[in-house]
Each structure stands twice: as structure tokens, then as C-alpha cells.
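Contents: one structure, followed by commentary.
2 protein chains.
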Amino acid sequence: MSRPEPSRGRTGRPPLTSRPQILAAARRIIDRDGWEKLTVRRLAAELGIGTTTLYHHVRDREDLLIQLLNEHADRTLALDLPREPRERIVAAATAIHDSLAAWPWAAEVLTTDGFLGRLGKSSLRMVEAVLAGAVDHGCTPEQAVHVFRSIWYFTVGEILVRARSTGTDGERPAFFAGVDMSGLPRLAALGERWPELAARDTYPRALRSFVDGLLAGTAPRPSNS
Amino acid sequence: MSRPEPSRGRTGRPPLTSRPQILAAARRIIDRDGWEKLTVRRLAAELGIGTTTLYHHVRDREDLLIQLLNEHADRTLALDLPREPRERIVAAATAIHDSLAAWPWAAEVLTTDGFLGRLGKSSLRMVEAVLAGAVDHGCTPEQAVHVFRSIWYFTVGEILVRARSTGTDGERPAFFAGVDMSGLPRLAALGERWPELAARDTYPRALRSFVDGLLAGTAPRPSNS
DNA sequence: ACCTGAACACCGTTCAAGT
DNA sequence: ACCTGAACACCGTTCAAGT
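Protein chains in written order, with full-length UniProt numbering: chain A, 1 to 225; chain B, 1 to 225.
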């Protein structure tokens, strides 16, 4: 896993490609060409190495993406969190959300199996904060996991849906064109205002409602003594 | 869009491939080989036609998937909903959830831009039900859209994350293996119980909490007169 | 009007071999 | 120990042509 010092006497050819180099090249591609263009083949080309060489440094494409995400998390999740339980939960969830919203390509990796077990320390700190906030509020560990998972699903859903929504609203033709609106009065009344309303950033407000709803079931801890 | 009667005199060769045939073949592939195998090329092969012929009947792969989803919705969302606003919202969201949970491949299409505008009547009925429930509870149209979107994000997130989670728990090695747990006491205390807790189906409970939280902000309508 | 093969421009990953 | 080209087994989509 860790690379040896170049000065230490060792057998074999010294590596020409390092993990930080690979991640830097990947970021370069994303910034320059868009994250859709980050493929194993292009990344190798960017590094000036053979495609297959990359497979000595990353297990597969998914592994590359998770390493990239963890590095991103290290840079964006190093913040202090409030002490009060509810505010702690809200702040941690918001940090996760904002971090992911800035990297919509993260969507590809968010839903992989066993994702949590492959997360780095920075991300796990945020998971811990939500769990601790819930427990401090009076939740059992089981309830705390439920609180975390609920918030996680909502956050992932928000990111994934909005990541694919074009910001190019304005010149788009009738959103509900060709849809038969009979029997759908509320939807019909909204009509073409829908795209505008759907584009609003309502994550913070919805998050607070959700946290309130989740914590309402469990009695808050009695103040000490 | 609609196909002509074969008996009516018309110019040109009669079509050998119809929309229902295509959708039936697609379902056959999904049931037999798994939804990952549903590709344009395989579908054409299943139908016994050239790959390019398919492009006369569907605009592209995404269009095929949305047609398939709408057909699925027609078969699964034809249910009655309770009249009481809160129960109406919960029932509609649960119907959407259960319908999607049964077809995890729907994940591929859920997040496409302008998705709502391409939905069929059965799905829009559920959207309408959530909006109507919120308005009947006392929400403004703007708030009702907020309620729908919040529930939608949560539902999509739950489906997408759980769709990729293997049900093959039991023989999997240590979930948090190799993770440094120092400074993460709540997570450490949970330890290897995490996969078991994360596998629980908590959607209904979390949904109720969310709906409660979302409706709490808006005063319930005064009973009539 | 409907259908087609060939081609374009790609993918991720593995193998056996080279230095 | 590290790197490699070639190959495998695919993708979605477009074009110009055939019946």
C-alpha cells in the first residue's frame, strides 16, 4: 500500500507512477473535460502510461472513484461541529451534502455496496457526529443508526436527482407538454411553474423537518442531575 | 405514435415490430438474464431484428427505459388511496416506493432530467395525491411542491442505495476491517452490528417521521364551518 | 415505410510477455 | 517489481443503402 523511499536500497524497478500523481491526473481530467470523461483509458493517457499499468495502482474503476472521493472528503469535511445534538446532526448532514453537491460525479460511487466500510476518516467523522447527536438526544444505538440512514437516503437522493437536472432552464419548451392533465387538478394548477419550483434549493429546510420528525419519537434526555 | 390497422389500405411495408412486442421482449430479458443485460443490442437480438431497426421504435435507450417504467407503473399503481390528507400522502409515497423497489433497474432512469414530464398517468396520479394531501392539510401550492420533492428525494435515495446492496449478508468478512476507529466511539460501539442494522427495512417508519416533520410547519386546516 | 449491415467511437478488464 | 500491447467481450448510435 505505502510506497517505499526512493533512497532505500530495494530490488526491482522504482515505480514511475504514484497514487497522488494518479489522483491529481484524475482531477485534471474532471476539471478540464468533465467527469463523464474520466475513464481508465483516458486517465492512463493523461498520465502518459499504458492503460494496463493503471491496474497495478488501483484495483478497478470503482476503487479509483472511492479513493478520489476520500481525498475530496479530506479537503472539504475538516470543519468544527456544534455541540448541541440537533444542531450537530444538521451541521454534519449539511457538510456531507455540500461536499457531495460540489462533485456530482460522486453519484456513481455513492450507491456501491459496502460503501461505508470503504470511507476515509473525514467522512466517518460526519457519520459519527450524526450517531453521537442522536444518542445524546436520547436515542438508542439502533435508533441512531435509523436516524443516520434516513438522513443519508434523503441526502443521496437529493444529490443524485439534482446532479442530473440541467441548469439550463429558461429556453426549455413546455415541461408538461403532451401530458393529459384531466383528473390531476393540483398538478394542472401548478402547470409550467413546476420547473421553477423544482429548481429551488430546499435541502436545508427539508433536512430540518426530517431531523425534527426523526427526533420527535424519542424523548430528549433529561438535563443533567 | 399509434399503429394503423393492418386491414386499412396503406402505402409501405407493414411494421414487423410493435411497441408491446418490444416491451414484452425487454421484460423477458430482465426476468431471464437480469436487468444489467438489457442492452439495445441484446433486445434487438431477442426480437430477432437488426439492432438499428430498434431505433425506428424507440428514440434511444433512455426512451426505452421510461416506456418500460410507465408500463410497470400502470400495472402496480392502480390502487385506491385514503381520503385523509396525511394518510393519503403516506399511501401514495409507499406505493411509489414499493413499485420502484420491485424494479431496481429503474434506478438508471429515476434521475434523468425532466423525468416527471415523461411520466405516465398512473405515476402522475401518485404525484397528484401527495400534492392534494399537502394542500388539503393546509399547505400553499409552493409548500406542497416542497413536500413532494422532499419525499421524492428520500424515496429515490432509499431505492438507489438499497438496490445496490447485496442481500448476501452472513459470509461477508468484517465490514469495518482496516478502518481506524479511534475518535469514533459510537461507530466503534456498533462495530460489526452495522450491516445487520443497515439491512433493516425502515422506509415506512422514516417516511412517517418525514411527513410529520414536513407537515408540522404548516397549520392544519380548520375543520369545516 | 420499414428494415439492414457495417462502421464509428468508444468502454473495463485480463493475459502473456517484456525490461 | 514494474510496465506493456494486444486482445476479449462488449457498449450506444449513425449512415447510407436495400426492399
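Note that the Cβ used here is the ideal one computed from N, Cα and C, for glycine as well.
Collapsed DSSP secondary structure at residue i in the structure displayed
{"i": "A144/A", "result": "helix"}
{"i": "T94/A", "result": "helix"}
{"i": "A163/A", "result": "helix"}
{"i": "R83/A", "result": "coil"}
{"i": "S225/A", "result": "For S225/A, the predicted structure reports a pLDDT of 40, less than 50, and the residue's modelled location is therefore unreliable. The matter cannot be settled from this model."}
{"i": "W103/B", "result": "coil"}
{"i": "R3/B", "result": "Note on R3/B: pLDDT 36, under 50, position unreliable in the model; the coordinate value appears next. Residue state, collapsed to three classes: coil."}
{"i": "G170/B", "result": "Only weak support exists for where G170/B lies, its pLDDT of 48 falling under 50; the value from the coordinates is given anyway. G170/B falls in the coil class under three-state DSSP."}
{"i": "H57/A", "result": "coil"}
{"i": "T52/A", "result": "helix"}
{"i": "T76/A", "result": "helix"}
{"i": "G9/A", "result": "Residue confidence is low: G9/A scores 34 on pLDDT, short of 50, so the model does not pin down where it sits. Its coordinate-derived value is still stated next. Three-state result, G9/A: coil."}
{"i": "G191/B", "result": "helix"}
{"i": "D113/B", "result": "coil"}
Residue i: first and last residue of the uninterrupted alpha helix (DSSP H) it sits in
{"i": "W194/B", "result": "194-199"}
{"i": "V40/B", "result": "40-47"}
{"i": "M181/B", "result": "Careful: M181/B lies outside any alpha helix (DSSP H) and carries neither H nor E."}
{"i": "D212/B", "result": "203-216"}
{"i": "R28/B", "result": "19-33"}
{"i": "R125/B", "result": "121-137"}
Beta-carbon spacing of residue i, residue j below 9 Å
{"i": "residue 275/B", "j": "I29/B", "result": "What is shown of chain B runs 1 to 225, which leaves residue 275/B out entirely."}
{"i": "G117/A", "j": "F176/B", "result": "yes"}
{"i": "residue 262/B", "j": "L187/A", "result": "Missing from the structure shown is residue 262/B; chain B here goes from 1 to 225 and no further."}
{"i": "S122/A", "j": "D74/A", "result": "yes"}
{"i": "A216/A", "j": "T155/A", "result": "no"}
{"i": "L69/A", "j": "L184/B", "result": "no"}
{"i": "R208/B", "j": "V130/B", "result": "no"}
{"i": "A102/B", "j": "T76/B", "result": "yes"}
{"i": "H146/A", "j": "R200/B", "result": "yes"}
{"i": "R43/B", "j": "L64/B", "result": "For the record, residue 43/B in the displayed sequence is Leu; it is not Arg. Result yes, Cβ atoms of L43/B and L64/B sit closer than 9 Å."}
{"i": "I66/B", "j": "V109/B", "result": "yes"}
{"i": "G213/B", "j": "L214/A", "result": "yes"}
{"i": "P204/A", "j": "A163/A", "result": "no"}
{"i": "A45/B", "j": "T52/B", "result": "no"}
Selected residue, minimal CA-CA separation from residue i, among the options
{"i": "residue 277/B", "options": "I66/B, L100/B, V211/B, S18/B", "result": "Chain B is shown only over 1 to 225; residue 277/B falls outside these bounds and no answer can be derived."}
{"i": "A107/B", "options": "L187/B, Y153/B, P185/B", "result": "Y153/B"}
{"i": "E158/B", "options": "A163/A, R149/A, R32/A", "result": "R149/A"}
{"i": "G114/B", "options": "L54/A, P195/A, E62/A", "result": "P195/A"}
{"i": "L54/A", "options": "W103/A, Q67/A, V40/A, L65/A", "result": "V40/A"}
{"i": "A198/B", "options": "I66/B, R208/B, S165/B, C139/B", "result": "S165/B"}
{"i": "H56/B", "options": "A134/B, R200/B, A189/B, I22/B", "result": "I22/B"}
{"i": "residue 230/A", "options": "A132/A, V109/A, V58/A", "result": "No answer is possible for residue 230/A: it lies beyond the span of chain A, which begins at 1 and ends at 225."}
{"i": "A144/A", "options": "D63/A, D98/A, P85/A, I96/A", "result": "P85/A"}
{"i": "R61/B", "options": "E36/B, D80/B, A78/B, L79/B", "result": "E36/B"}
{"i": "A206/A", "options": "A26/A, T112/A, H97/A", "result": "H97/A"}
{"i": "residue 231/B", "options": "R193/B, E142/B, S182/B", "result": "Nothing in the structure corresponds to residue 231/B, since chain B is present only between 1 and 225."}
{"i": "I151/A", "options": "V179/A, A95/A, S182/A", "result": "A95/A"}
{"i": "A78/B", "options": "D31/B, R27/B, T218/B, S99/B", "result": "S99/B"}
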